[in-house]
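Right, one structure below, let's go through it.
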Amino acid sequence: MTDPRDPVLAAPSPAPLLVVVDGANVVGARPDGWWRDRRGAAERLRDHLASQGLPGHAGAVELVLVVEGAARGVASVPGVRVEPAPGSGDDRIVELAAEHAGRPCLVVTADRELRRRVTELGAEVTGPRAVWG
């Protein structure tokens with residue numbers, strides 16, 4: 136029988152990698168007519184994330200899709216939490232990175248200014264190709 140006071144057993148398991156996806160930026164990276172139906176494009180991205188996760192990343196991830204504007208009504212699904220930004224999606228992404236400072240965080244965006252803002256908070260960044268493969 137194992138002793139629950141054993142420090143190895145008592146150590147909390149590390150939090151999964153927090154992956155925050157800039158919905159508007161990642162949707163806009165593919166010229167597939169997304170501008171005709173922004174909400175539908177965000178739903179397709181959400182569903183892609185739910186089925187594919189983060190390609191090339193074998194560990195556990197917590198996926199958060201930040202949406203804004205016409206995509207605000209997109210609902211969460213198992214595996215992907217959708218965060219509607221009350222204003223700027225970039226500002227909500229920065230807030231999420233700040234709220235989770237000290238935890239491994241990866242922001243998916245091609246937006247240079249957003250990349251600068253979140254790396255100042257300790258987040259890593261990658262571009263839309265990380266999602267679309």
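Using my numbering, the first residue of the sequence shown is number 136, and each one after it goes up by one. Just so it is clear, CB atoms sit at the ideal spot from N, CA and C, and this is done for glycine as well.
Please check the pair residue i and residue j, which I expect to be a contact at CB under 8 Å, by giving their CB distance rounded to whole angstroms.
i           : j           : result
residue 266 : residue 156 : 6 Å
residue 202 : residue 224 : 7 Å
residue 200 : residue 158 : 5 Å
residue 250 : residue 204 : Actually they do not touch by this definition, with Cβ atoms about 21 Å apart.
Using 10 angstroms around the beta-carbon of residue i, count the other beta-carbons present and answer buried if the total reaches 16, otherwise exposed.
i           : result
residue 244 : buried
residue 246 : buried
residue 227 : buried
residue 171 : exposed
residue 206 : buried
residue 193 : exposed
residue 178 : buried
residue 258 : buried
residue 181 : buried
residue 210 : exposed
Residue i and residue j: beta carbons closer than 7 Å?
i           : j           : result
residue 196 : residue 231 : no
residue 185 : residue 162 : no
residue 260 : residue 198 : no
residue 190 : residue 268 : yes
- Message: Please give the ranges of any beta strand (DSSP E) in the stretch 200-264, keeping only runs that are unbroken, at least 3 residues long and fully inside the region.
- Response: 215-219, 240-243, 259-261
My parser needs the alpha helix (DSSP H) runs of 4 or more residues fully inside the stretch 163-190; what are they? 173-187
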